[in-house]
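Report on one structure; see the data block that follows.
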Amino acid sequence: LFLAQTLVDSGEPKQAFLVLEAGTGEFGDKGVFAQVQAAIKAQAYLRQNDPAGARKMLVRAGNLIPEPGGNLATLFLARALLAAGEEQEGMRLLDVAARGASGNRAIQGLVRKMRRNAASLPRKTELSGAS
């Protein structure tokens, strides 16, 4: 999952899709893998200028995460929302993750880093109007 995110960040969404699909065969289409996978796919679709695909994956990620909290799935969804130009919801999820991971220094560190980097994320504001 981290490799796929790195590929998206470096402008290689097609490669990210390949990595994610390979992981589906190994890890299935359930649980944390599917949650994070959907959030990364949303970002990959954004990189490909496909707002409809991104919206579909954001909805899927939101539906797969039963209760946002201090976990990686919530962080990845927050990052995808921020990249989609949905800053309020993305920052709200970062706050939820920070509160839910009060004893987890790794998650806390990721939340801090994401807050710092939120302004520099590539955004696709046209997604806000897509359905």
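According to the working numbering, numbering within the sequence shown proceeds without interruption in unit steps and concludes at 184. Where a beta carbon is used, it is the ideal one built from N, C-alpha and C, also for glycine. Quantities reported herein were computed from a predicted structural model and do not represent experimental measurements.
What are the boundary residues of the alpha helix (DSSP H) that includes residue i?
i	result
Lys109	Pro104 to Leu117
Asn170	Arg158 to Asn170
Leu128	Leu125 to Ala136
Lys67	Pro66 to Phe80
Gln58	Phe55 to Asp62
Looking only at its chain, what residues have a beta carbon closer than 7 Å to the beta carbon of residue i, apart from the 5 residues adjacent to it on each side?
i	result
Asp62	none
Ile118	Gln88, Ala126, Thr127 and Leu130
Taking Cβ to Cβ, would you say residue i is nearer than 8 Å to residue j?
i	j	result
Leu111	Ala137	yes
Suppose you measure from the CA of residue i to the CA of residue j; what does that come to, to the nearest Å?
i	j	result
Asp103	Thr77	22 Å
Pro66	Gly156	34 Å
Tyr148	Ala154	One point to set straight first is that residue 148 is Asp, not Tyr, in the sequence displayed. If you take the alpha carbons of Asp148 and Ala154, they lie about 10 Å apart.
Arg158	Lys109	32 Å
Ser181	Thr127	In this prediction, Ser181 scores a pLDDT of 49, lower than 50, which makes its location untrustworthy; no coordinate-derived value is stated.
Ala168	Ala91	Looking at the sequence shown, residue 168 is not Ala but Arg. Those two C-alpha atoms are separated by around 21 Å.
Leaving out five residues before and five after residue i in sequence, what residues of the same chain have Cβ atoms less than 6 Å from its Cβ?
i	result
Gly106	Tyr98
(request) Give a yes or no on contact between the segment 85-95 and the segment 104-118, applying the rule of three or more CB pairs nearer than 8 Å. (result) yes
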